[in-house]
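Okay, so here's the structure we're looking at.
Number of protein chains: 2
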Amino acid sequence: MVMNELKKLGLRLTPQRMAILKILEGNTTHPAAEEIFHQLMPQYPSLSIATVYNTLEILVKAGKLQEIRISSDKRHFDPNPVPHSHFLCRKCDAIFDLDNGSLDIEIPSNMEGHLVEDCAHYYYGICRNCRDERRDK
Amino acid sequence: MVMNELKKLGLRLTPQRMAILKILEGNTTHPAAEEIFHQLMPQYPSLSIATVYNTLEILVKAGKLQEIRISSDKRHFDPNPVPHSHFLCRKCDAIFDLDNGSLDIEIPSNMEGHLVEDCAHYYYGICRNCRDERRDK
DNA sequence: GTAAATGCAAAATTTTTGCACTAGG
DNA sequence: CCTAGTGCAAAAATTTTGCATTTAC
């Protein structure tokens, strides 16, 4: 559970943080900050978008979340911090996880003299759902 | 030469476009729109940032440029449209091309049922220059 | 001459910041 | 208590848009 790990890092377990964590846990839709904010609005009317951004940044720095820069306009977030590929559909804008089988992406420690710490692999095209729709018509 | 290819696409060769193309040709610094704009300001004081964005979008759509979404805050551009990896230095924010030898990135046509048209591989860490600086001190 | 491109300024979006107030531990 | 965290509103930063004017062909 992520909550206990946060405690160990000296982070306070506020209701806002727990709610954000709950939304993200097991979530494969890769929401952006604003989507999380709107989902929580009904329950937490006083919640601030700044708090959402703040929490997401903390979680990314703590290695509990992964930031996804696949879309040109806004950042998305993945509760799975293990490096894996993502696919963005040009038609419906959905982001999919691509599980490279059991082989997660290997991060080369050194590339042309650069010290590599992290990596991201993004793929673009038409997702299987949109492709099927097209086929039906 | 890119200019002639643009003509074939029915695009007009305006001074602004040619200037933007000239700045990008052979450029390995991966400039953002604003950097291009500022480099051209002295020579083209009336140039509009909207024209820079417009031109960049046209060139990307025409397949003459590659958009780089490696940085979370702004988009960068690469005059080399062939898929290849990029490296972002967390210390100096420079973007480097990673030439995967002669093996360019292969785009799988199909991944888990999705139709893949394009891809991007990004790497993050400390570049060789910043690493060397650290070592000297 | 005419459609395409430009420049300008305003708007739209996303993200960040400063600061007073609140509350978790 | 006391510091970390929150909320608010304003600001910053990037990108887009509408429209009148200009210009490449």
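Those sequence lines, one after another, are chains A and B.
Note that this note's numbering numbers the first sequence so that position 34 is 34, with each residue one more than the last.
Just add 137 to wherever you are in the second sequence, counting from 1, and you've got this note's numbering.
Idealized CB from N, CA, C, for every residue including glycine.
Strictly by DSSP, which residues pair up with residue i?
i: residue 178 of chain B; result: Paired residues: none, contrary to the question.
i: residue 123 of chain A; result: A:87 and B:256
i: residue 111 of chain A; result: A:114
i: residue 169 of chain B; result: B:213
i: residue 97 of chain A; result: A:86
i: residue 162 of chain B; result: Answer by DSSP bridge pairing: none, since residue 162 of chain B is not bridged.
i: residue 67 of chain A; result: A:77
Could you check whether residue j and residue i sit closer than 8 Å to each other, using their CB atoms as the reference points?
i: residue 193 of chain B; j: residue 184 of chain B; result: no
i: residue 213 of chain B; j: residue 168 of chain B; result: yes
i: residue 105 of chain A; j: residue 83 of chain A; result: yes
i: residue 225 of chain B; j: residue 207 of chain B; result: yes
i: residue 119 of chain A; j: residue 190 of chain B; result: no
i: residue 235 of chain B; j: residue 112 of chain A; result: yes
i: residue 126 of chain A; j: residue 258 of chain B; result: no
i: residue 267 of chain B; j: residue 228 of chain B; result: yes
Report yes or no: is there a C-beta of chain A within less than 8 Å of the C-beta of residue i?
i: residue 264 of chain B; result: yes
i: residue 250 of chain B; result: yes
i: residue 171 of chain B; result: no
i: residue 204 of chain B; result: yes
i: residue 224 of chain B; result: yes
i: residue 261 of chain B; result: yes
i: residue 233 of chain B; result: yes
i: residue 185 of chain B; result: no
For chain B, find out if any of its Cβ atoms is closer than 8 Å to the Cβ of residue i; answer yes or no.
i: residue 77 of chain A; result: no
i: residue 116 of chain A; result: yes
i: residue 120 of chain A; result: yes
i: residue 131 of chain A; result: yes
i: residue 102 of chain A; result: No answer about residue 102 of chain A holds up, because its pLDDT of 46 lies below 50 and its placement is not dependable.
Could you pull out every residue in the same chain whose Cβ sits closer than 8 Å to the Cβ of residue i, ignoring the five residues on either side in sequence?
i: residue 202 of chain B; result: 161, 193, 196, 214, 215, 216 and 218
i: residue 49 of chain A; result: 33, 34 and 37
i: residue 164 of chain B; result: 216
Using a Cβ-Cβ cut-off of 6 Å (strictly less than) and excluding sequence neighbours within five positions of residue i, which residues of its own chain qualify?
i: residue 254 of chain B; result: none
i: residue 102 of chain A; result: Unreliable placement is indicated for residue 102 of chain A, whose pLDDT of 46 sits below 50; the coordinate value is still reported in the next sentence. Cβ within range, chain order: n/a, list empty.
Whose C-beta lies closer than 7 Å to the C-beta of residue i among residues of the same chain, with five residues either side of it excluded?
i: residue 9 of chain A; result: 62
i: residue 148 of chain B; result: 195
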